[in-house]
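S.K.: Input: one structure, supplied below.
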Amino acid sequence: MELLAGQPDRIVHLYVRDGRDHGARRWEIIQKGRALGIPVDFLPPGAIDRMGPRNLPHQGVLARIQVVPTFPSVEQFLDQSDPWPPTPLVAVDGVQDPRNLGALLRTCDAAGVKGILLPKRRIAPLSQTAAKTSAGAIFTLPLVRVGNLAMALRV
């Protein structure tokens, strides 16, 4: 629902478990998706369970989304950032658990951080687990993937 409210253009398709009782929250998602022109498909029970990883908690609704955007370099990020006031950045290294990465992104978003530096290796993937735990922050915070974190910090 966070992505539907904040960045609906990132949603490519909505999939809803077919059934008699969709509940008020699910109907709200369906109506908002349709109003925004997002395709909504109703699938038989069990079909949504097979669409994602095993044991994915979905509450009867899944969204197919575009890939999480990242900047390819610190220089490109800084070129697009407002030089004043100084931009608070956070460098993340060695976080292996996607839930911890998601929680870190959520906290950074709440604290007003303007960008996150992430190494290309030795970091949890930007997965649906990280996205869910981040409560949408993974889609709103500028993420910069760098090959060498120490060199990126010198820029």
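Residue numbers (full-length UniProt numbering): 1 to 155. Cβ atoms here follow ideal geometry from the backbone N, Cα and C, with glycine treated the same way.
Count the C-beta pairs between the stretch 80 to 97 and the stretch 110 to 127 that are closer than 8 Å, then say yes if the count reaches three, no if not.
M.R.: yes
S.K.: Using a Cβ-Cβ cut-off of 8 Å (strictly less than) and excluding sequence neighbours within five positions of Pro-45, which residues of its own chain qualify?
M.R.: For this step, residue 45 is matched to residue 45 along the sequence shown. Answer for Pro-45: Arg-17, Asp-18, Gly-19, listed in chain order.
S.K.: Could you spell out where the alpha helix (DSSP H) holding Pro-98 opens and where it closes?
M.R.: To locate residue 98, count along the sequence shown from 1; it is residue 98. 98 to 111 is the extent of the alpha helix (DSSP H) around Pro-98.
S.K.: Would you mind working out which of Met-151, Ala-135, Ile-30, Ala-110 sits nearest Phe-42, comparing C-alpha positions?
M.R.: Locating residue 42 in the sequence shown gives position 42, counting from the first residue. Just measuring C-alpha positions, the residue of Met-151, Ala-135, Ile-30, Ala-110 sitting nearest Phe-42 is Ile-30.
S.K.: What do you reckon, are the CB atoms on Phe-77 and Val-146 nearer than 7 Å?
M.R.: Position 77 of the sequence shown, counting from 1, holds the residue named residue 77. Position 146 of the sequence shown, counting from 1, holds the residue named residue 146. Judged by beta-carbon spacing, Val-146 lies beyond the 7 Å limit of Phe-77, meaning their Cβ atoms are not closer than that value.
S.K.: Compute the beta-carbon to beta-carbon distance between Arg-106 and Ala-137, rounded to the nearest angstrom, for a pair I have assumed lies under 8 Å.
M.R.: As a working mapping, residue 106 is identified with position 106 in the sequence shown. As a working mapping, residue 137 is identified with position 137 in the sequence shown. About 5 Å; that satisfies the 8 Å criterion.
S.K.: Would a C-beta distance cut-off of 7 Å place Thr-70 and Ala-103 closer than the cut-off?
M.R.: Working through the sequence shown from its first residue, we reach residue 70 at position 70. Working through the sequence shown from its first residue, we reach residue 103 at position 103. In this structure, Ala-103 does not lie closer than 7 Å to Thr-70 by Cβ.
S.K.: Do His-58 and Pro-39 count as a contact pair if the criterion is CB distance below 7 Å?
M.R.: Taking the sequence shown and counting its residues from 1, one reaches residue 39 at position 39. Taking the sequence shown and counting its residues from 1, one reaches residue 58 at position 58. Not a contact, by the Cβ cut-off of 7 Å.
S.K.: Taking just the CA atoms, how far does Thr-87 sit from Gln-7?
M.R.: Here residue 7 corresponds to residue number 7 of the sequence shown, with the count starting at 1. Here residue 87 corresponds to residue number 87 of the sequence shown, with the count starting at 1. Using only the alpha carbons, I get a separation of about 23 Å.
S.K.: So, helix, strand or coil for Ala-18, using DSSP?
M.R.: Your numbering for residue 18 matches position 18 in the sequence shown. Reading off the sequence shown, one finds Asp at residue 18, where the question assumed Ala. Three-state result, Asp-18: coil.
S.K.: For a quick check, are the C-beta atoms of Leu-126 and Val-74 less than 7 Å apart?
M.R.: In the sequence shown, residue 126 corresponds to position 126, counting from 1. In the sequence shown, residue 74 corresponds to position 74, counting from 1. Taking a C-beta distance under 7 Å as the contact criterion, Leu-126 and Val-74 do not qualify as a contact pair.
S.K.: Within 6 Å: the Cβ of Met-151 and any heavy atom of the ligand GDP?
M.R.: Questions concerning the ligand GDP fall outside what the structure shown contains, since it holds no ligand whatsoever.
S.K.: For a quick check, are the C-beta atoms of Pro-98 and Ala-130 less than 7 Å apart?
M.R.: Taking the first residue of the sequence shown as position 1, residue 98 is located at position 98. Taking the first residue of the sequence shown as position 1, residue 130 is located at position 130. Closer than 7 Å, so yes.
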